[in-house]
Structure formats: C-alpha cells, structure tokens
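From first to last, the protein sequence lines stand for chains A, B, C and D. Going by numbering that gives the first Met the number 0, the first sequence opens with residue 0, and the numbers climb by one from there. Going by numbering that gives the first Met the number 0, the second sequence opens with residue 0, and the numbers climb by one from there. Going by numbering that gives the first Met the number 0, the third sequence opens with residue 0, and the numbers climb by one from there. Going by numbering that gives the first Met the number 0, the fourth sequence opens with residue 0, and the numbers climb by one from there. We put the CB at the ideal spot given by N, CA and C, even for glycine.
Protein chains: 4
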Amino acid sequence: MIILAYDIVRLEEKLIVKEFRKRNVKLNLLNVTSYPLHFSNGFLRKATVALIRPVSMYRAFYTAVVLETNNVYTINSSETILTCGDKILAYKKLLENKLPIPETVVAFTTDSALQAYNIIGFPVIDKPPIGSWGRLVSLIESSKEGILVAEHRENLPSTQLKVHVVQEYVPTSNMDIRCLVIGDQVLGCIKRIATSGDWRSNVARGGKVEAFKLDEELAELSIKAAKAVNAEIISVDILVHPEKGYLVNEVNGVPEFKGFMKATGINVPEKIVEYVISKVKK
Amino acid sequence: MIILAYDIVRLEEKLIVKEFRKRNVKLNLLNVTSYPLHFSNGFLRKATVALIRPVSMYRAFYTAVVLETNNVYTINSSETILTCGDKILAYKKLLENKLPIPETVVAFTTDSALQAYNIIGFPVIDKPPIGSWGRLVSLIESSKEGILVAEHRENLPSTQLKVHVVQEYVPTSNMDIRCLVIGDQVLGCIKRIATSGDWRSNVARGGKVEAFKLDEELAELSIKAAKAVNAEIISVDILVHPEKGYLVNEVNGVPEFKGFMKATGINVPEKIVEYVISKVKK
Amino acid sequence: MIILAYDIVRLEEKLIVKEFRKRNVKLNLLNVTSYPLHFSNGFLRKATVALIRPVSMYRAFYTAVVLETNNVYTINSSETILTCGDKILAYKKLLENKLPIPETVVAFTTDSALQAYNIIGFPVIDKPPIGSWGRLVSLIESSKEGILVAEHRENLPSTQLKVHVVQEYVPTSNMDIRCLVIGDQVLGCIKRIATSGDWRSNVARGGKVEAFKLDEELAELSIKAAKAVNAEIISVDILVHPEKGYLVNEVNGVPEFKGFMKATGINVPEKIVEYVISKVKK
Amino acid sequence: MIILAYDIVRLEEKLIVKEFRKRNVKLNLLNVTSYPLHFSNGFLRKATVALIRPVSMYRAFYTAVVLETNNVYTINSSETILTCGDKILAYKKLLENKLPIPETVVAFTTDSALQAYNIIGFPVIDKPPIGSWGRLVSLIESSKEGILVAEHRENLPSTQLKVHVVQEYVPTSNMDIRCLVIGDQVLGCIKRIATSGDWRSNVARGGKVEAFKLDEELAELSIKAAKAVNAEIISVDILVHPEKGYLVNEVNGVPEFKGFMKATGINVPEKIVEYVISKVKK
C-alpha cells in the first residue's frame with residue numbers, strides 16, 4: 000500500500016492521484032487534517048511507502064516523523080523536509096557539502112540584526128528561517144529600512160519568525176532559476192521573473208515562469224544540493240551572482256510544480272509516481 | 000578556546016563560568032542576543048568546543064547550527080537540541096530505540112484532536128510539540144474540556160503551538176523523576192512533586208524537589224534515553240506508570256539544574272565543566 | 000447618495016443590494032478592503048447615509064468613524080458598533096439603563112480570573128470582550144478547567160483577548176432568544192438551540208433556529224436594549240434565567256439575519272432598506 | 000474614599016501616592032491585575048473618585064468602565080481613555096472640534112494602504128491605531144518600503160494592529176512638543192528631540208527632553224484638544240508643520256510625566272492630587 004499524505008488538495012495532488020490511478024496502484028489518501036497520527040498504528044504500518052505532500056511545512060514534517068516511526072518509507076524523509084523547510088539548517092547542509100550560497104549571518108534581535116546588515120553591507124536580504132512563497136523576505140537598502148523591518152519582526156508572535164537570516168542581496172535582475180530533481184536526475188529548470196512591482200520572483204507573487212536551458216554546471220549543482228539534504232524529490236532555487244556564479248538560495252522538500260509543468264511541458268506527476276512506485280518494489 | 004553561548008544569565012550560567020574561571024581555562028562568553036552569527040566567522044572558528052546554554056530553544060538550536068558549520072564541536076549538538084526541544088521528534092528517537100513512552104497520537108486540527116482523545120481514552124494529556132516548564136500542557140478529562148482546549152489552541156498564533164501531542168495520562172500522584180546524565184554517567188535523580196493546586200510538577204510551577212534514589216533500571220533507562228537522542232548533557236523526565244513501570248516523558252538538551260543541585264548536593268557545574276574540558280583535550 | 004460599506008459579501012449584503020436596486024435608489028458599494036478612507040474625502044462627503052456592514056467589527060467601527068467625520072449619517076453609528084462589539088462596554092450601557100444581564104465580573108489575569116470564578120460560583124462563563132459566533136466563549140465547571148482556559152488565554156497574542164469577562168452560567172437548556180430591532184420596532188424573535196455536542200447555540204456552531212413568539216415583555220426589553228446602546232438596527236440575544244427571567248446576554252450592531260429570515264419568513268432586507276431610505280428623506 | 004487604580008507601579012504612581020499620603024487622604028490602592036472587577040461591587044461603590052493609572056490602555060479603559068458602572072467618578076473617564084488610546088477615534092474628535100491634525104487616511108489592507116500612501120504622497124507615516132511609545136510607527140519613503148511595512152503588518156496577530164493610520168510626514172527635525180493639561184490649565188510644555196539614529200522622539204526610544212516655552216497659541220490648542228476628548232488630565236503631542244503651524248499628533252489619557260518633571264521642574268503629582276481631591280469635595 001502506498002500513502003499519499005496531504006492537507007490541502009492542489010492541482011499537484013490531483014495530478015499525482017490521477018497518475019497513480021492510471022497504474023492501478025493501491026493508493027491510500029491520508030488527509031492529515033482529519034486523521035490522528037498514532038505512533039503505533041496498525042493501519043499505517045501496512046504501508047510501504049508514503050509520498051508526503053501537506054502544504055504546511057510542520058504538518059508535512061510531523062506526518063513524516065510519525066509514519067517513519069511506523070516503519071513507513073517516506074518521500075521525502077522527515078529530516079529532509081525539515082532541513083529544506085528551515086533555511087538555516089539547509090544552509091548548514093549546503094555549506095558542509097561545499098556548495099555555494101549567498102553570504103549569510105544569523106541574528107536573534109534587532110540589535111544584532113542591525114550589526115549583521117553592516118557585516119554584509121547594504122543592500123541585504125532579511126528573512127525568517129521558515130516560510131514559503133517569499134513571505135516576509137525583505138530587501139533592505141539602509142539602516143532606516145532595517146529598523147523598520149526589525150521592529151515589526153519583533154512584534155510577530157512566533158519565536159522562529161523573530162529570527163533574522165541576513166544575506167547579501169544578489170543582483171539578478173529579479174529572477175531566479177528553479178530546477179526540479181527526482182532521484183538522481185534533474186528533470187529540468189525554469190526561470191522565474193518578478194513582475195508587478197515586487198522584486199521577488201515567487202510565482203505566488205505574480206512571478207512569470209519560462210523554461211531555462213539546463214547546462215552541465217546547473218545539473219551538477221542541483222543534484223549535489225539534493226544529495227546534501229538527502230532529498231529524493233526536491234526543487235532547488237538558484238541565483239546567478241554576477242561574479243560568484245550560481246548560488247543555491249533555497250531548497251524545497253515538498254515542491255509545487257504547476258508553473259514548472261506549464262513552462263517546460265514535462266509531466267512531473269508521472270515522474271514522481273514512477274519514482275515512488277520504484278521504491279515500493281525494492 | 001571554549002565558547003559559552005547564552006542569552007539570559009541564570010544561576011546555572013554563573014556557576015558554570017565560575018567553574019571555568021577556577022581552572023584558568025580560556026573561556027569566551029558569547030551573548031547570542033548581541034552577537035550576529037556568521038556562517039563563516041574567523042573568530043568563531045578559533046573555538047574548539049562550545050557549551051550551548053541559551054534558554055530559548057530556537058536560539059540554542061540555531062546557535063549550535065552556525066557554530067557547527069564553523070567547525071566548532073557543540074555540546075549538545077544542534078541535532079540533539081532540536082530533538083529534545085521538539086517532543087514529537089524526541090518520541091520518535093525514543094521509540095526507534097525501543098524505549099518506553101506514554102501512548103502518543105499527533106493531531107493537527109480540533110477535529111482530529113477530538114478523535115485522538117477518544118483513541119487514547121480520557122483522561123488525556125494534550126501539549127504542543129515545543130515549549131518548556133509545562134506551558135500549555137493540559138490534562139483533559141472529557142470531550143467538553145477537549146473542545147475548550149482545542150478551540151483555544153487554534154487561536155494561538157504559531158503553527159507549531161497548534162499541533163496536538165495527545166497522550167495517555169499517567170496517574171503518578173502528580174510527581175515525576177528527573178535524572179541528569181553527563182557523558183555516559185547518570186549524576187543522580189530527583190523527584191518533583193506538584194503543589195499549590197496544579198497537577199504539573201514543574202519547578203517553575205511551584206513543584207517541590209527532593210533527591211530520589213537511583214536504581215539500576217532508572218540508570219539504564221536514562222543513559223539509553225541520552226544515547227537515543229545523542230545527548231552529552233541532558234535531563235530525562237520519567238513517569239512511573241502503575242502497570243507499565245518507568246516511561247520517558249521528556250528530555251531536555253539545555254537542562255536547568257538549580258533544583259537538582261539543591262536536592263542532591265551534587266556540584267553539577269563542576270561535572271559539566273570537567274566534561275567540556277575533557278572534550279577539548281581530545 | 001447612499002453608501003453600503005462592506006468587506007465580505009454575504010447573502011445578507013446581496014439581499015440588501017437587491018432591495019435597494021428594486022427601489023432605483025442610487026447606491027454606492029464601498030468595499031472597505033480596497034478603498035482607503037480619507038478623513039476629508041470629497042466623494043464620501045456626497046453621501047447622506049451609510050449602512051455599515053463589514054463583518055470585521057473593527058473595520059465596521061473605523062469605517063463608521065471616518066464616514067461620520069465626513070458628515071455622513073451612519074447606521075449604526077460608530078459608537079453603537081463599538082458598544083455592541085465590546086461586551087464590557089455593552090454591559091455598562093445595559094446596566095446604566097437598569098436592564099437585566101447575567102452577573103458579570105471583569106478580570107485581567109489568570110490570578111484574578113480564578114478569583115472571579117469563585118465570586119460567581121461554578122459553573123461560570125469566561126469570554127473575551129470582543130469576538131463573534133461564540134468564539135472562545137468557555138463554560139467552566141471547576142477550578143481545574145479555569146486554569147486550563149486562563150493559561151491558554153494568556154498565550155493569545157492580542158491584549159483584548161486576554162481580558163476575562165466572567166459570568167454566571169444561565170441554565171437555559173442550551174438555547175437563547177434573538178430578537179431583531181429596526182428603529183423602534185421589534186421585527187420578531189427566534190430561538191437558537193445548540194446541537195452537535197456544543198452547548199453554545201450560535202448558528203455558526205450548528206445551532207438550529209425556529210421562530211419564537213414575541214411577548215410584550217420581550218418586545219419591551221429588546222427595544223430598551225436597542226435604545227441603551229443607541230442602535231437603529233440591532234439583534235438582541237436574550238437568555239431565560241429560571242428565576243431572574245429574561246437577561247440580555249449580547250447585542251450585535253452589524254447583525255446577521257439569514258437564520259432569522261428562514262425561521263420567521265420576515266423579509267429583513269426590505270425592512271432595513273426601507274428604514275435606511277426613510278433616514279435619507281429626513 | 001479615593002481609588003488609585005494601577006497595574007505596574009512606575010515612578011509616577013509612587014510620587015502620586017506620596018502626595019496623597021502627605022494630605023492624609025484615605026486612598027485605596029487598587030491593583031487591577033489581582034482584583035476582579037465586579038459590575039456591582041459594594042466596596043468599589045464606596046469610592047467617590049478614582050484616578051485611573053494602569054499602563055495597559057485596555058486595562059485602564061475597562062477599569063474605568065466597571066468603576067463608572069459602580070457610580071465612581073473616574074479621572075479620566077473610560078470614554079476619554081479609549082478616545083486617547085485609539086488614534087482614529089482621537090482624530091475624529093479633534094477634527095469635529097476643528098483642531099488641526101496631520102492629513103490622515105485609514106486603510107485596512109496592504110492594497111488600500113499602498114493607495115493611501117499615494118494619496119498622501121511620500122514620505123508618509125503608517126501606524127496602527129493603538130500602541131504607545133512610538134511602537135510600530137513607521138516612516139515610509141517609497142512604495143517599496145510601504146510593501147515592506149504592509150506585509151509585516153499583515154502578519155501581526157491582532158486585528159487592530161493590522162489597521163493602517165496613514166499620515167503626511169511632518170518635517171519637524173525629529174522633534175515634537177508635549178504639553179500637559181490638568182483641568183482647564185496647561186501646566187507647561189516640553190520639547191522631545193529624537194536621538195540615537197531613530198527619527199522618533201519618544202522618550203522610551205532615547206529621545207531627549209527640554210522645557211519648551213509655552214505661547215498663547217500652544218496653550219489654547221492644548222486646552223481645546225483636552226476639551227475635544229473630554230479629558231481632565233492629559234498630555235497633548237504637537238508637531239510644528241513648516242507651513243500649517245501647530246498640528247495635534249496624539250493625545251494621551253494616562254500620561255507619563257517623569258521626563259516632563261525633570262525638564263520643567265514642575266511638581267506634576269502635586270497638581271494631579273490637588274485636582275483629584277478638588278473633585279471629591281464637589
């Protein structure tokens with residue numbers, strides 16, 4: 000039995016289910032918002048593999064944790080989901096594997112964030128360690144803007160959102176490259192270009208996507224990034240630094256791929272489902 | 000060079016510093032609320048070992064992450080701090096090592112929490128995966144109380160605080176045992192007894208402490224729990240189940256030990272400092 | 000020109016617009032989520048009357064405040080919307096007008112809330128001063144449940160949600176009466192009965208509604224309650240105390256009336272629109 | 000009997016108590032964090048006058064509400080405390096009394112806030128309607144900074160903190176004037192000058208204070224502002240606009256006066272206590 004764990008059903012999940020159905024595979028849809036996850040659950044233990052798809056990072060993470068304790072093989076593993084979901088953890092793994100990232104400083108208070116801005120030099124990026132779709136990712140061009148951001152951040156209610164991940168701003172003409180890796184293969188890459196007055200290229204912010212020709216360096220970097228975080232299915236966001244070249248900016252352990260499919264024409268759900276089934280057979 | 004990383008200076012940190020001073024060890028006090036943590040920092044790289052003591056779990060965790068990336072040996076490691084700090088992760092590690100814990104179910108919504116209460120059977124404990132000093136740990140004796148708790152939990156602002164760790168209530172006469180482990184030795188144990196109308200035995204809630212005679216089973220369980228989460232310095236909270244016997248309830252990777260010292264007379268800072276120095280020499 | 004100020008379009012707003020259209024009245028739909036409200040706005044000043052319908056209490060209140068400063072007659076006035084929206088303010092006005100309410104104590108901390116429970120005597124109700132649909136309204140039957148609620152309340156992020164409005168529990172077989180008043184007329188009353196395991200009768204919680212025969216006492220009480228808070232369009236929630244008789248529990252200055260229409264067959268939007276137009280003509 | 004209602008004891012409250020003691024007046028210290036406030040309380044009803052001093056605006060407001068319902072004369076009244084505490088309400092009262100304020104627009108969403116910035120023209124101030132000591136008061140010089148602030152504001156947990164009060168920035172060389180009014184007399188004025196890199200002159204932000212010579216225009220404006228919000232004891236913050244002249248920026252119904260005393264040498268607690276006692280005698 001294969002489990003598809005989800006909370007919200009996006010187009011991605013619908014397409015994945017369709018591909019499973021096509022192959023007549025016994026699939027169990029696990030809605031983690033209505034199913035309590037017992038650490039020792041007879042039903043869950045019957046599964047061999049689970050594809051983890053909840054949109055909420057912590058739900059995805061905890062779902063994987065409990066399934067693994069029930070001896071289910073999870074794609075991705077809880078460790079990978081958390082590492083990708085927490086930017087500070089992700090940078091650690093990338094740096095330990097000698098992969099290039101933007102220069103980064105972690106700060107816990109307004110005072111140390113202001114110091115961090117000066118260490119990096121304006122303009123800087125300041126973002127919390129968790130969060131998706133570019134949420135709260137701030138481009139800061141002066142001390143005054145830094146105070147503005149830091150003071151608001153202090154008033155956010157969650158401890159993690161108060162942590163500052165301060166980075167050099169990579170002048171990329173407001174675009175980034177996103178490559179999708181499954182197993183040890185790069186499916187392809189897209190270019191995301193910011194529009195509508197925001198400098199962030201996130202699709203959720205109206206960013207436009209187009210296919211991007213995959214070169215060897217990009218392929219190698221993406222696969223190494225996936226390996227660094229032990230991911231089986233992952234998207235890798237890459238910035239092009241004018242001098243340093245490719246830098247890994249973020250990795251996503253529960254990747255969305257709607258925009259990717261549209262831009263590249265690649266049938267991502269088919270690749271995912273084939274990969275998951277290949278794991279069952281082992 | 001040894002680093003002592005801290006945010007708030009408690010009695011514990013003062014005593015640790017004193018012990019270091021006694022030994023004429025070069026100690027660097029790293030206030031993580033005022034020092035920005037660079038992923039590649041020449042100064043930090045000079046350290047061989049760091050003792051991680053911030054009170055805030057996420058500050059302790061991220062401090063360890065950045066120090067490790069700078070090749071500093073951290074006590075405890077970031078992985079251990081996070082595993083101890085996140086009860087769901089901790090239970091996974093304990094179960095994977097066949098250690099006994101209270102029966103536990105994870106739930107993400109009010110609906111699935113109510114189901115979880117019924118799976119376990121009232122009375123149940125419901126607590127968020129993160130948090131210290133018994134904060135938000137709720138003893139729920141009926142569906143009606145469950146709705147009360149779950150609805151309030153939904154209104155909390157952080158994603159993690161909305162997650163329910165639902166457990167069997169262990170009728171322990173409102174007491175638990177806390178053992179302190181350093182390296183592969185149990186320093187000793189204390190008994191914490193709830194007072195003043197609260198069923199929780201946390202010292203921060205007015206719980207009283209007294210020394211508790213360490214038996215072999217307790218010693219073995221504590222050391223196994225420490226090993227399960229790869230901890231070097233850790234406190235292990237243990238409940239005595241009337242039928243199941245000892246159950247590991249929580250582990251703490253940045254342990255407080257003021258109450259422990261008072262009850263047992265053991266000089267904990269001395270033991271900690273000796274352990275840390277032994278690691279430098281290796 | 001008449002303004003209909005709204006944020007979310009519910010069935011209520013659709014029906015109101017339809018009634019205005021029928022009468023060929025020049026109506027301006029003001030979506031307060033997209034229109035900035037200038038304290039001195041030429042366009043707004045052209046309006047004579049505004050019907051205030053945002054679902055969010057503070058949006059309704061501030062919209063009324065700015066419109067009034069622009070010399071627009073608002074139904075209800077900002078003062079009425081706030082008084083109805085803040086239960087502590089509402090009780091003051093009701094008591095000053097010698098209207099019966101459940102016995103009530105205000106408390107700011109867990110400590111004083113626990114005292115308040117004992118002053119009233121269990122079972123008690125504890126609710127925050129703001130909020131709709133019975134949200135966070137807690138029935139507390141013991142000190143232990145009180146601690147449960149109070150501790151969670153302390154962790155809520157807004158100052159107002161931390162305030163305790165502690166009241167005697169009125170044993171009403173989980174039902175209440177809601178009367179709708181327009182101008183100085185009671186349109187009618189409904190009975191709301193709690194279902195599905197919750198003791199609260201709110202329709203948003205699955206409460207059932209049926210028409211309730213209006214007697215003279217109820218009519219008088221409703222109109223006096225409306226007058227006490229200077230309301231022109233208002234719903235009055237009334238509890239039947241076994242000894243004290245009718246008690247005013249809550250008033251709502253931006254009333255929903257979908258359930259009321261269904262149960263009574265009364266065309267509420269027609270009455271509202273006629274009332275609003277009558278105010279323009281004056 | 001006179002009541003002094005407080006939550007935190009600042010220097011101000013200590014000095015006030017001392018002045019009362021000097022005069023042998025029967026004073027009842029009411030700690031609102033430990034005393035539950037009953038709407039019908041025999042003890043409270045014995046008081047004739049209450050001086051309302053809690054630091055938290057909502058605690059001050061609700062304390063006054065309950066005391067008034069118990070027939071106690073409150074200084075300031077609940078209405079005044081709320082009006083001063085809510086900037087949108089305060090501006091309404093000031094404008095209705097034809098007093099000059101900075102040009103102001105209220106907005107509820109990021110979208111309408113961005114429109115509001117353009118209506119006013121950069122640079123603008125954006126602040127929430129509630130809050131003290133300049134907290135979250137943002138100086139915004141471009142659309143990009145506006146997006147930065149608005150997005151963070153959306154993530155704040157309280158409804159009121161999400162509301163935008165957008166105003167023209169008054170170029171005052173980072174200073175403002177604060178006048179203290181008791182009854183119908185202006186005690187004096189101080190000038191607050193921003194320091195240490197922040198443009199805000201709040202004393203809590205390191206602003207420096209010095210005495211400011213009171214002229215007739217200032218005196219008249221302060222008294223009119225006090226009257227506009229029905230205040231008996233109030234501080235009035237005034238900006239000097241290069242063309243428009245004096246503008247009332249904020250009013251404070253529970254004023255701090257430590258800095259004022261130091262800069263002017265005026266014995267404020269004596270004046271307050273004399274005023275309060277004069278009210279008892281009437």
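Check: Can you tell me which of the three DSSP states I74/D falls into?; Outcome: strand
Check: Taking Cβ-Cβ distances shorter than 7 Å, what residues in chain C pair up with S111/D?; Outcome: T32, S33, Y34 and P35
Check: Got a sec, what are the start and stop residues for the alpha helix (DSSP H) G145/B sits in?; Outcome: S142 to E153
Check: Suppose contacts are defined by Cβ-Cβ distances below 8 Å. Is A4/A in contact with L29/A by that definition?; Outcome: yes
Check: Specify the secondary structure class of M359/D as computed by DSSP and reduced to three states.; Outcome: Because chain D spans 0 through 281 in this model, residue 359/D falls outside it and cannot be assessed.
Check: Could you check whether V275/D and C83/D sit closer than 8 Å to each other, using their CB atoms as the reference points?; Outcome: no
Check: Can you give the Cα-Cα distance for T109/A and L43/B, rounded to whole angstroms?; Outcome: 21 Å
Check: Quick check: V162/B and P122/B, are their CB atoms within less than 8 Å of each other?; Outcome: no
Check: Kindly list the residues whose CB is nearer than 7 Å to the CB of E216/B, restricted to its own chain and excluding five residues on each side of it in sequence; keep chain order.; Outcome: Y245
Check: In chain C, which residues lie with their C-beta within 7 Å of the C-beta of Q184/D?; Outcome: Chain C residues near Q184/D: none, gap ~29 Å exceeds 7 Å.
Check: Using 8 Å as the threshold, is the stretch 74 to 82 of chain C in touch with the stretch 225 to 244 of chain C, meaning 3 or more CB pairs across them?; Outcome: yes
Check: In terms of residue numbering, what span does the beta strand (DSSP E) encompassing R191/A cover?; Outcome: Q184 to I192
Check: For the stretch 58 to 145 of chain D, list the beta strand (DSSP E) runs that are entirely contained and at least 3 residues long, ordered along the chain.; Outcome: 72 to 74, 103 to 106, 123 to 126 and 137 to 139
Check: What did DSSP end up calling R177/C once you bin it into helix, strand or coil?; Outcome: strand
Check: Take L93/A and list the residues in its own chain whose beta-carbon comes closer than 6 Å to its own, dropping the five residues that flank it on each side.; Outcome: I100, A227 and V247
Check: Does the stretch 137 to 149 of chain B come within contact of the stretch 140 to 150 of chain C, defined as at least 3 CB pairs closer than 8 Å?; Outcome: yes
Check: Taking DSSP as the reference, what is the three-state secondary structure of A230/D?; Outcome: coil
Check: Please work out which residues of its chain come closer than 7 Å, Cβ to Cβ, to I87/D, disregarding the five sequence neighbours upstream and downstream, and give them in chain order.; Outcome: V105, P128 and V164
Check: Quick test of your reading: I233/A and P254/A, contact by CB under 8 Å. State the CB separation rounded to the nearest angstrom.; Outcome: 6 Å
Check: Is H151/B near the ligand NAP, with its Cβ less than 7 Å from a heavy atom?; Outcome: In terms of ligand content, the structure shown is empty, and the ligand NAP therefore cannot be addressed.
Check: Quick check: is the beta carbon of I100/C nearer than 8 Å to any beta carbon in chain B?; Outcome: no
Check: With C-beta atoms as the reference, is K97/B less than 8 Å away from E67/A?; Outcome: no
Check: Against F107/A, what residues of chain B qualify as contacts under a CB-to-CB distance less than 7 Å, listed in chain order?; Outcome: V31, T32 and R58
Check: Provide the residue span of the beta strand (DSSP E) that contains L160/C, from first to last.; Outcome: Counting along the chain, L160/C falls outside any beta strand (DSSP E), and DSSP gives it neither H nor E.
Check: Just to check my reading of the structure: L81/A and F60/A have Cβ atoms closer than 8 Å, yes? What is that Cβ distance to the nearest angstrom?; Outcome: 5 Å
Check: Tell me the rounded alpha-carbon separation between A46/B and I2/B.; Outcome: 7 Å
Check: Please work out which residues of its chain come closer than 6 Å, Cβ to Cβ, to I181/B, disregarding the five sequence neighbours upstream and downstream, and give them in chain order.; Outcome: I232, K270 and Y274
Check: Assuming V267/A and L186/A make a contact with CB atoms under 8 Å, what is their CB distance in whole Å?; Outcome: 7 Å
Check: Within the continuous beta strand (DSSP E) that includes K207/C, where are the two ends?; Outcome: K207 to F211
Check: I'd like the span of the beta strand (DSSP E) that includes I276/B, first residue to last.; Outcome: Element bounds for I276/B: not the beta strand (DSSP E) but the alpha helix (DSSP H), V267 to K280.
Check: Please list, in chain order, the chain D residues whose beta carbon lies closer than 9 Å to that of K91/C.; Outcome: F38, V64, V65, E67, T68 and S77
Check: Confirm, please, whether the CB-CB distance from S200/D to A193/D is below 8 Å.; Outcome: yes
Check: Helix, strand or coil, according to DSSP, for V8/A in the structure here?; Outcome: coil
Check: If we define contact as Cβ-Cβ less than 8 Å, is V162/A a contact residue for chain B?; Outcome: yes
Check: List the DSSP bridge partners of I222/C.; Outcome: Paired residues: none, contrary to the question.
Check: Can you give the Cα-Cα distance for V48/D and N69/D, rounded to whole angstroms?; Outcome: 11 Å
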